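Quick notes on the structure that follows.
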Amino acid sequence: MGLLSLGTPLDWHESKKLNEHVRDNGITQLINIFKQHARSRNNNRFYWGDEIEYMLVEIDDEARTARLAIDRDYILSDLSDPDKPDSYLKATEKNVSFHPEYGRYMIEATPLKPYDGSSLSDYTYVEENIRDRRIVSQSELPPTIRPLTLTVFPRIGCETFTSPPAKPIGPASQSLFLPDEIINRHARFPTLTANIRKRRGRKVAINLPIYPDINTKLIDDSIPHRDLFSSDEEAFLGASKPGHVYMDSMGFGMGASCLQVTMQASDISEARYLYDSLAPFTPILLSLSAAAPIFKGFLVNQDVRWNVISGAVDDRTFIESDVEPYAGYDFFGGLDVDNQTKEHLINLGGGRGVNGDRVINNYGDTNLKTVDSKPIQKIPKSRYESIDAYLSDRTYSKKDSYFKEEYNDIFSPINKKVYDRLISNNEFDHNLAYHFAHLFIRDPLVIFSERVDQDNSSENDHFENIQSTNWQTLRFKPPALYPEDMTESQLQDKPGWRVEFRPLEIQLTDFENAAYSVFVVLLSKAILKFQPDFYIPISKIDENMEIAHRVDSVLNDKFWFKNGNLCKLENKDFAGYDLSWFDRFVNKGNDTLASENVYVNGYVSNGTMDSVKSRSGSIKGELCNESKYTTDAIINGNHEFPGLIRMIVKMIATELAPDLPQCPDTDSDLARKMLRIQCYLLLISQRASGKIPTIAHWLRSRVLTNPLYKKDSKISDSLAYDLIKDCEKVSDLDGSKDPQLLKDYFGESFASYLCAHTS
Ligand code: ADP
Ligand code: MG
Ligand code: MG
Ligand code: MG
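So this is what it looks like as structure tokens:
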């Protein structure tokens, strides 16, 4: 979590009076950030870092149970407290930093210092660092409690899923299923939970289709009739949908784990191009990392967590999300709207129909405002969603400008007042002003009473308050405000313009998490080197996000992608740079690649790519801007497009490794590193081609083939125990204990390879 100020968090009914204050000052702070950094920060190094979220799971082999441990959060304070040197030094000496997360059973860990993207060694060091995080956190825990990297705990929200047990009767979430005791003890988190509910005017409501099996009753029979809070009746007023698993609390989403990667660009222009170029890959990598087929004890008919977390923090009122209120509920939730405005809106047709162009348009340019003068707008997306618009500044790209206005083609409301302020300032062009004006349609969710008044020339908490509670697939991270008297070299040590890649589901093993992080970073470096044009309309990326939720989307579905002929990448320029390049590197088999003739898959070729010519994932037709492709084609290439792997391999060959001896002895450190990177890329390549199943696929098949499973889409306590045990064994990568399990997980040949190479 970016921001964890200490102090007294205000309840929604107090904090909402300060909404405009936070926005106004946040924008002043943003303008000051731009004044300080937009022009002056250039040539920054390509640093990067990953974030991994763990769940502490208590496993009782005798009772055959697995529970989320909600009484071990002290390890987090110990590991991040310099006054507890025994724990703290264990972390810092291993270059690890631990952070709090939403769940009391969760910890987040990052490298203490970011990695250097121009150092080949750092691309393999990351795995060591990730492994150390698990070792260090485990060393603070009894052996029965394991820090596991599960995307979703299978029985979260079921009867007794925590240790110690707790009852779902908490006032913060008012959930029928999740006790407040699962929420981080820091007051920010229960307040965040309650304020989302209060602003929204009802509990969050997430409905996932139940996986239909032969004995499945398509009904969520876990919803109790309770009479504790007035919100208890919402499930029966329309919040829960037939045939779906119903979830009513922030913890179902924010209590899931993910993998994020942050990269620093050399300057703001490069950061904007990188942000844009990564956008089309957010759904594709979500699909490739799918790891969440089970929620609240049900097998569901989808594979990823994204729409759950999106729904879990959706603070929109009925009118903003353009739906009819439940009977007896108000259109306006916790917004202060005067009676005249209310009447006017309701006369215009209530929720539906009000949001036509006439009243509430794209720019929020309307006279209808809340009492604190924020326009009442239709808002199509939750705060946790895919990005709404590209950021291009039109000057970065190598040849001409790739970006076209028409790519920003979705209805994306903005805060007009913020837009006008930014655009009147020299530092902001239209796309930048639009980006921040869109983020600033949101209200602050938690304000600390001690932090209301800030020095806008040196602090930026108000800006971060809004920025860091817009949880999109990508985050454009500006530098912070630094003291004016900082020297140039001190400044260079502080984070600059960064892009964060956020859609990935967490993987079970340190190896996979390293592989996905490294893949994203190498892809980014390859993008910056070859400057492809990957722009497609944002609406197509949103369509892909939906596709990525489907069961086995990586195998069964095609995704919108830039027409391979228009990416500004020539297949012939990438010939020879498939994964066998690494073998040739180690075995002295690469030629200089200076002539037309290069080695392709070990055979001399004249530069064409026969090996991939027949593999086509595209729909034939005229040269339209985008087309649908399989993940395989996008990652591994086809007759039109070299594929991401080749881009990455060529970047490594020509940028990370050109001066390295091409023929280290096979036992050398360099050879080992090269082969490990090859292994990371092979994992992604084979997940894309379907040779290695996704975690979601593997988990689903573990359920379907378990004798305890009754073909009713239910995950009993005992079945969940088996699954967690499987996950634990896979996490340990200990093939000696259960070789068949690892073969199921990684596919036969890859499992053998990994076991042989993992000590
Ligand atoms: P947040 O939760 O807001 O994304 P975190 O501090 O948890 O922030 O994670 C930020 C990530 O950025 C970490 O992996 C960290 O190593 C990395 N990082 C830190 N400094 C830089 C930098 N200058 N450039 C790129 N990445 C950085
Ligand atoms: Mg986190
Ligand atoms: Mg973080
Ligand atoms: Mg992050």
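879 is the number of the first residue of the sequence shown in the working numbering; add one for each residue after it. All C-beta atoms in this analysis are idealised placements derived from N, C-alpha and C, irrespective of residue type, glycine included. Quantities reported herein were computed from a predicted structural model and do not represent experimental measurements.
Looking at the backbone, the Cα of Ile1602 and that of Pro1258 are separated by about 37 Å. Note that the stretch 1088-1103 touches the stretch 1121-1141; at least 3 beta-carbon pairs, one per stretch, sit closer than 8 Å. Thr1038 sits in coil when the DSSP states are folded into three classes, being neither helix nor strand.
The three-state reading of DSSP puts His1313 in helix, counting H, G and I together. In this structure Ala1117 is buried. Its beta-carbon is surrounded by 16 or more other beta-carbon atoms within 10 angstroms. Trp1576 is positioned such that its CB atom lies no closer than 8 Å to that of Val1527. Taken from the Cβ of Glu1362, every heavy atom of ligand 2 lies 7 Å or farther away. At a threshold of 7 Å, Glu1378 does not count as near ligand 2, since its beta carbon sits no closer than that to any of the ligand's heavy atoms. Cβ contact annotation for Pro1161 (same chain, cutoff 6 Å, sequence separation greater than five): Asn1422, Met1423 and Ala1426, in chain order. Taking 8 Å as the cut-off, the Cβ atoms of Leu1553 and Val1464 count as close. Rounded to the nearest angstrom, the gap between the Cα atoms of Gly1521 and Asn1391 is 21 Å. Per DSSP, Leu934 is one residue of the beta strand (DSSP E) stretching across Tyr925 to Asp938.
Taking a 10 Å sphere around the C-beta of Thr1022, we find fewer than 16 other C-beta atoms and assign the residue as exposed. When DSSP states are grouped into helix, strand and coil, Gly981 belongs to the strand group. The beta carbons of Ile1414 and Asn1503 sit about 6 Å from each other, so the pair counts as a contact at 8 Å.
Rounded to the nearest angstrom, the Cβ distance from Tyr983 to Ile937 is 13 Å, too far for a contact under 8 Å. Within a 10 Å sphere around the beta-carbon of Ile1097 sit fewer than 16 other beta-carbons, which makes this residue exposed. For Lys1403, the enclosing alpha helix (DSSP H) begins and ends at Asp1388 to Phe1408.
Ranked by Cα distance from Asp1430, the first of Pro1373, Ala1566 and Leu1447 is Ala1566. For Ile1319, the closest of Pro887, Leu888, Gly904 and Gly885 by C-alpha to C-alpha distance is Gly904. Within the stretch 1556-1594, the complete alpha helix (DSSP H) segments of 4 residues or longer fall at 1573-1582, listed in chain order. Judged by DSSP in its simplified three-state form, Ser1100 adopts coil rather than helix or strand.
Pro1087: member of the beta strand (DSSP E) spanning Ile1084 to Pro1087, first to last residue.
Only residues of its own chain outside the window of five on either side were considered, and among them Gly1079, Arg1080, Leu1115 and Phe1196 have a CB closer than 8 Å to the CB of Tyr1207, listed in chain order. In this structure, DSSP gives Gln1350 an extended state, which the three-state scheme calls strand. Between His1313 and Leu1269 the beta-carbon gap is near 6 Å, inside 8 Å, which marks them as a contact. For the options His1517, Asp1266, Glu931 and Asp1091, the alpha carbon positioned closest to that of Thr1351 is the one of Asp1266. The beta carbons of Ala1190 and Val1082 sit closer together than 8 Å. Going by DSSP, Met1141 is part of the beta strand (DSSP E) stretching over Leu1137 to Gln1142. A heavy atom of ligand 3 is found nearer than 7 Å to the CB of His977.
About 40 Å separates the beta carbons of Gly1211 and Arg919, which is beyond the 8 Å limit, so they are not a contact pair. Taking one beta carbon from each stretch, the stretch 1131-1142 and the stretch 971-991 have 3 or more pairs nearer than 8 Å; the two touch.
Taken atom to atom, the span from the alpha-carbon of Asp1612 to that of Ile1013 is near 15 Å. By the criterion of a C-beta distance shorter than 6 Å, Asp1298 is surrounded by no residue of its chain, once the five residues flanking it on both sides are discounted.
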